[in-house]
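S.K.: This structure is in structure tokens; I'll ask about it shortly.
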DNA sequence: ACAGATTGCACAATCGATGCAGCATTGAGG
DNA sequence: CCTCAATGCTGCATCGATTGTGCAATCTGT
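Residue numbers (the numbering used here), protein chains in the order written: chain S, 14 to 362; chain P, 14 to 362.
Set out below in structure tokens:
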């Protein structure tokens with residue numbers, strides 16, 4: 014920098030190179046051929062620009078071109094394995110396309126969600142992804158008013174394309190695994206498998222509960238009352254419910270399908286207070302994945318959602334210019350107990 | 014929206030209200046009092062703007078005011094508990110200040126890091142935070158050229174203020190705990206505590222290793238050769254090293270301090286292959302925290318870094334207008350084995 | 001009733017990059 | 001020698017919001 018305080022602009026480069034600002038703009042961009050700027054001029058301008066440490070002002074460019082080069086994503090929270098993976102993929106795909114990702118978390122508050130969408134619109138993001146939307150219709154309304162293409166992820170909306178995890182298949186497969194792995198004691202009520210955690214008003218949980226019921230019915234033992242305990246995501250309430258259940262049954266049931274890692278933390282809080290032998294009479298499954306959960310005192314069947322695949326599909330929808338409210342499914346992956354190291358080490362090793 | 018495709022601008026509002034664009038701008042902003050716009054006019058303009066769903070174009074505003082309202086942060090990766098917590102806090106503090114956070118991950122690549130900083134500069138972010146910088150000097154050079162205030166987090170730089178975790182204290186305390194908790198067998202070499210994982214070229218690891226050595230020395234048993242095994246962060250190499258160590262010693266050492274969760278995954282891979290009783294002769298510590306790691310087959314002493322505190326300090330530096338390369342420390346928290354539920358549940362529950 | 005102050009607003013320049021519409025200059029062709 | 005086309009560039013308006021300046025109209029005091 015020769016001049017102390019401000020960043021160089023095309024006018025500075027124009028003055029230094031003796032060319033006009035429009036020539037500089039063309040020379041530094043892609044359009045210099047079609048605007049018949051000679052190669053020599055382009056070289057000169059580029060070297061001067063490089064020497065001055067010039068870089069374009071995206072606000073000015075965005076204002077003029079009515080595109081910002083930004084792509085927005087709303088997620089419920091950063092501090093969560095699943096959504097953090099989404100962020101990582103979201104960013105990677107954005108970069109592939111030369112876009113800059115802006116990720117904001119809504120804390121699952123509809124009001125916050127709307128505020129964020131509004132903000133991203135004022136920054137003129139070129140596209141927007143909304144993961145785990147709490148009020149998809151409101152979001153679509155705002156985006157449509159701003160003429161902004163958007164895709165829902167993980168939780169579908171009616172006003173735009175959506176990509177969701179195949180919660181039904183994931184939960185059905187997991188249930189079937191638990192059913193076939195469960196130890197049979199003969200005591201009827203203890204031979205059942207219980208579903209714990211999640212909110213039935215939540216789209217993903219509803220699909221999973223539906224799959225759980227169907228899989229049990231298909232196996233010849235339709236779920237009885239109280240076999241689905243959708244007590245929310247908080248560890249504490251999951252711990253309370255599993256304790257109450259064990260108390261009611263006089264011991265652990267043959268199997269437990271825990272819906273979410275946070276609920277699993279609560280279940281774990283109770284299980285870890287039991288003698289290890291008690292656990293051998295039960296099979297545990299968890300919808301969602303954590304590498305450390307694979308090393309507990311007992312085997313845990315887990316489901317890993319394909320965050321990368323979800324985001325890949327979402328970008329594909331943008332690339333293909335789809336705007337109808339289609340619904341695309343991405344399959345989650347079943348993780349057998351204790352197989353973590355086979356996979357993880359081959360990636361990171 | 015009365016008009017189909019484009020967003021309303023102040024000129025639209027001006028036309029509809031019969032006022033001039035500058036009056037509209039003032040009325041919608043903070044400056045209408047000092048520009049002596051009557052309250053009645055302000056009301057009229059605001060209601061028309063609301064009816065039109067007007068919201069400002071930040072690119073235009075940013076261009077004019079030379080501020081974007083964006084605040085950037087570079088992190089190594091999203092998909093990591095520590096950095097995800099930082100993102101969460103970063104965003105919360107940004108919102109408090111009416112700023113929009115832009116978080117990008119460098120994958121620990123110096124080149125990528127520079128590219129990101131450059132990009133954030135072209136978007137005219139008002140401030141920038143760089144966590145886990147790989148090339149702090151280059152970053153400072155770029156930011157200074159663009160006249161951009163920035164703060165280093167977790168890994169210090171020489172060209173700007175830095176906020177780092179007190180790695181020395183965290184590791185020293187953890188080492189002391191392991192020392193006092195370790196079972197004494199009498200077999201000299203097996204009574205030692207080993208440090209596994211991390212990269213000594215990395216600032217944080219170097220501080221921790223230094224603390225580990227000092228704490229051992231202070232306890233009267235200075236570390237021998239091979240007692241610090243800084244084999245990187247990959248699970249696989251940590252697994253290999255712990256296996257080799259056990260082989261060399263003829264069993265587990267009295268204690269292991271594992272430097273990072275990823276290395277811990279590897280150590281776990283080996284430990285889980287041993288009979289549970291072997292583990293009772295050893296005390297395990299891990300620098301970094303995971304709630305599930307608190308429920309393994311054996312107790313684990315963990316250190317939780319204060320991501321929220323780091324970010325709070327970083328913002329404080331910005332607020333206080335500090336630009337000298339000061340170094341501020343934030344203390345990490347020691348987590349005793351199996352105490353997770355006492356804490357977590359009171360937050361979420 | 002008239003100078004001077006105050007109120008309430010409009011005009012125009014500006015931020016930096018872009019792109020359309022020209023405008024000299026050179027060379028070729030008749 | 002003159003026309004026409006190609007070449008290589010410049011000038012100017014524009015994107016939407018902000019801000020310094022200016023200027024009527026009304027009000028205040030005497």
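Just so you know, even glycine gets a beta-carbon here, dropped at the ideal spot from N, CA and C.
Just so we're clear, the structure is a prediction, and the values are computed from it rather than from any experiment.
Please look up how many angstroms separate the CB atoms of residue 113 of chain P and residue 76 of chain P, rounded, as I've assumed it's under 8 Å.
M.R.: For the purposes of this step, residue 113 of chain P is identified with residue 100 of the second chain, where counting begins at 1. For the purposes of this step, residue 76 of chain P is identified with residue 63 of the second chain, where counting begins at 1. 16 Å between Cβ atoms; not a contact.
S.K.: Quick check: what's the CA-CA separation for residue 19 of chain P versus residue 131 of chain S?
M.R.: Against the second chain, residue 19 of chain P aligns to sequence position 6. Against the first chain, residue 131 of chain S aligns to sequence position 118. Cα-Cα distance, rounded: 15 Å.
S.K.: Whose C-alpha, out of S:258, S:284, S:180, S:109, is nearest the C-alpha of residue 215 of chain S?
M.R.: Translated into the one-based positions of the first chain, residue 215 of chain S becomes position 202. Residue S:180 is the option with its Cα nearest to residue 215 of chain S.
S.K.: Is the Cβ-Cβ distance between residue 266 of chain S and residue 207 of chain S less than 8 Å?
M.R.: In the first chain, counting from the first residue as 1, residue 266 of chain S sits at position 253. In the first chain, counting from the first residue as 1, residue 207 of chain S sits at position 194. In contact: residue 266 of chain S and residue 207 of chain S (Cβ atoms closer than 8 Å).
S.K.: In the DSSP assignment, what are the bridge partners of residue 325 of chain P?
M.R.: Sequence index remark: in the second chain, residue 325 of chain P carries index 312 (1-based). As DSSP reads the structure, residue 325 of chain P sits in no beta bridge.
S.K.: Would you say residue 152 of chain P faces chain S, with C-beta separation under 8 Å as the test?
M.R.: Along the second chain, one-based indexing puts residue 152 of chain P at 139. Judged by the 8 Å Cβ criterion, residue 152 of chain P is not in contact with chain S.
S.K.: With a threshold of 6 Å on Cβ separation, who are the neighbours of residue 311 of chain S within its own chain once the five nearest residues in sequence on each side are excluded?
M.R.: Residue numbering aside, residue 311 of chain S sits at position 298 when the first chain is read from its first letter. 292.
S.K.: In three-state DSSP terms, what is residue 23 of chain P?
M.R.: If you number the second chain from 1, residue 23 of chain P lands on position 10. In the structure shown, residue 23 of chain P sits in a helix (DSSP, three-state: H, G or I).
S.K.: For residue 343 of chain S, count neighbouring C-beta atoms within 10 Å of its own C-beta (all shown protein chains included) and say buried if the count is 16 or more, exposed if not.
M.R.: Locating residue 343 of chain S in the first chain gives position 330, counting from the first residue. Label assigned to residue 343 of chain S: buried.
S.K.: Cβ closer than 9 Å: which chain S residues qualify as neighbours of residue 114 of chain P?
M.R.: Against the second chain, residue 114 of chain P aligns to sequence position 101. In chain order: 115, 116, 117.
S.K.: Just to confirm my understanding: we take residue 330 of chain P, look at its own chain, exclude 5 residues before and 5 after, and list those with CB closer than 6 Å. What are they?
M.R.: Residue mapping note: residue 330 of chain P aligns to position 317 of the second chain, counting from 1. Correct list, in chain order: 164, 174.
S.K.: Around the C-beta of residue 272 of chain S, are 16 or more other C-beta atoms found within 10 angstroms, so that it is buried, or is it exposed?
M.R.: For the purposes of this step, residue 272 of chain S is identified with residue 259 of the first chain, where counting begins at 1. Flag for residue 272 of chain S reads buried.
S.K.: Is it a yes or a no for the segment 117 to 137 of chain P touching the segment 294 to 310 of chain P, going by three-plus beta-carbon pairs under 8 Å?
M.R.: no
S.K.: Residues in its own chain within less than 6 Å of residue 171 of chain P by CB, not counting five upstream and five downstream?
M.R.: Here residue 171 of chain P corresponds to residue number 158 of the second chain, with the count starting at 1. So the list reads 338, once near-sequence residues are dropped.
S.K.: Using the rule of at least 16 other Cβ atoms within 10 Å of the residue's Cβ for burial, across every protein chain shown, is residue 63 of chain P buried or exposed?
M.R.: By 1-based counting over the second chain, the position of residue 63 of chain P is 50. With fewer than 16 other Cβ atoms within 10 Å, it is exposed.
S.K.: Could one say the Cβ of residue 131 of chain P lies closer than 8 Å to chain S's Cβ atoms, at least one of them?
M.R.: Here the question's residue 131 of chain P lines up with position 118 in the second chain. Taking Cβ atoms only, chain S reaches closer than 8 Å to residue 131 of chain P, which makes this a yes.
S.K.: Quick one: residues in its chain with C-beta nearer than 6 Å to the C-beta of residue 37 of chain S, no 5 flanking neighbours on either side, listed in chain order?
M.R.: Taking the first residue of the first chain as position 1, residue 37 of chain S is located at position 24. 23, 26, 27, 58.
S.K.: Taking contact to mean 3 or more Cβ pairs, one atom from each stretch, closer than 8 Å, check whether the segment 149 to 168 of chain P and the segment 247 to 262 of chain P are in contact.
M.R.: no
S.K.: Distance check for residue 30 of chain P and residue 61 of chain P, CA to CA, integer angstroms please.
M.R.: Sequence index remark: in the second chain, residue 61 of chain P carries index 48 (1-based). Sequence index remark: in the second chain, residue 30 of chain P carries index 17 (1-based). A straight-line Cα-Cα distance of about 7 Å links residue 61 of chain P and residue 30 of chain P.
S.K.: Give a yes or no on whether 8 Å exceeds the smallest Cβ distance from residue 109 of chain P to chain S.
M.R.: Within the second chain, the letter at position 96 stands for residue 109 of chain P. For residue 109 of chain P, the closest Cβ of chain S is not nearer than 8 Å.
S.K.: Going by DSSP, name the residue or residues bridged to residue 301 of chain P.
M.R.: Looking up residue 301 of chain P in the second chain gives position 288. Answer is P:316, bridged to residue 301 of chain P.
S.K.: Compute the beta-carbon to beta-carbon distance between residue 317 of chain P and residue 278 of chain P, rounded to the nearest angstrom, for a pair I have assumed lies under 8 Å.
M.R.: Position 304 of the second chain, counted from the first residue, corresponds to residue 317 of chain P. Position 265 of the second chain, counted from the first residue, corresponds to residue 278 of chain P. Not confirmed; about 17 Å, so no contact.
S.K.: Around the Cβ of residue 261 of chain P, are there at least 16 other Cβ atoms within 10 angstroms (buried) or fewer (exposed)?
M.R.: Within the second chain, numbered from 1, the residue matching residue 261 of chain P stands at position 248. By the neighbour-count rule (16 or more Cβ atoms within 10 Å), residue 261 of chain P is not buried but exposed.
S.K.: Closer than 8 Å by beta-carbon distance: list the chain P residues that pair up with residue 75 of chain S, in chain order.
M.R.: What you label residue 75 of chain S is simply residue 62 of the first chain in a count that begins at 1. Those are 72, listed as they occur along chain P.
S.K.: Is residue 143 of chain S buried or exposed, if buried means 16 or more other CB atoms sit within 10 Å of its CB?
M.R.: Looking up residue 143 of chain S in the first chain gives position 130. By the 10 Å Cβ count, residue 143 of chain S comes out buried.
S.K.: Output the residue ranges of the alpha helix (DSSP H) runs that lie fully inside the segment 233 to 283 of chain S and measure 4 residues or longer, sorted by chain position.
M.R.: 248 to 262
S.K.: Can you check whether the C-beta of residue 14 of chain P is within less than 8 Å of a C-beta belonging to chain S?
M.R.: As a position in the second chain, residue 14 of chain P is number 1, starting the count at 1. Here the model assigns residue 14 of chain P a pLDDT of 41, short of 50, so the residue's position is not dependable, and the following value carries that caveat. Chain S, which has a Cβ nearer than 8 Å to the Cβ of residue 14 of chain P, makes this yes.
S.K.: Would residue 97 of chain S and residue 97 of chain P qualify as a contact pair, given that the criterion is a beta-carbon distance under 8 Å?
M.R.: Taking the first chain and counting its residues from 1, one reaches residue 97 of chain S at position 84. Taking the second chain and counting its residues from 1, one reaches residue 97 of chain P at position 84. Closer than 8 Å, so yes.
S.K.: In this structure, what does DSSP give as the bridge partners for residue 207 of chain P?
M.R.: Here residue 207 of chain P corresponds to residue number 194 of the second chain, with the count starting at 1. P:269, per the DSSP bridge assignment.
S.K.: Can you list, in chain order, the residues of the segment 73 to 103 of chain S whose Cβ is nearer than 7 Å to any Cβ on chain P?
M.R.: Per Cβ criterion, the list reads 73, 75, 76, 81, 90, 91, 92, 97, 98, 100, 101.
S.K.: So residue 117 of chain S and residue 67 of chain S are in contact, right, with Cβ under 8 Å, and what is the actual spacing, rounded?
M.R.: Taking the first residue of the first chain as 1, we reach residue 117 of chain S at position 104. Taking the first residue of the first chain as 1, we reach residue 67 of chain S at position 54. 30 Å between Cβ atoms; not a contact.
S.K.: Under the three-state reduction of DSSP, which class applies to residue 155 of chain P: helix, strand or coil?
M.R.: Reading the second chain from its first residue, position 142 is the one you call residue 155 of chain P. Of the three classes helix, strand and coil, the one that applies to residue 155 of chain P here is helix, per DSSP.
S.K.: Just list the beta strand (DSSP E) runs in the segment 34 to 122 of chain S, keeping only unbroken ones of 3 residues or longer that don't cross its boundaries, in chain order.
M.R.: 83 to 88, 113 to 118
S.K.: I believe residue 309 of chain S touches residue 176 of chain S by the beta-carbon criterion, under 8 Å. Please report the beta-carbon distance rounded to the nearest angstrom.
M.R.: Numbered from 1 along the first chain, position 296 holds the residue referred to as residue 309 of chain S. Numbered from 1 along the first chain, position 163 holds the residue referred to as residue 176 of chain S. In this structure, residue 309 of chain S and residue 176 of chain S do not form a Cβ contact; the two beta carbons are roughly 32 Å apart against a cut-off of 8 Å.
S.K.: In the DSSP assignment, find the unbroken alpha helix (DSSP H) run with residue 346 of chain S in it and report its ends.
M.R.: Start at 1 with the first residue of the first chain, and residue 346 of chain S comes out as number 333. Per DSSP, residue 346 of chain S belongs to no alpha helix (DSSP H); it is in the beta strand (DSSP E), 346 to 348.
S.K.: For residue 360 of chain S, name the three-state secondary structure that DSSP assigns.
M.R.: Taking the first chain and counting its residues from 1, the one referred to as residue 360 of chain S is at position 347. Per-residue confidence for residue 360 of chain S stands at a pLDDT of 39, beneath the threshold of 50, marking its modelled position as unreliable; no derived number is given.
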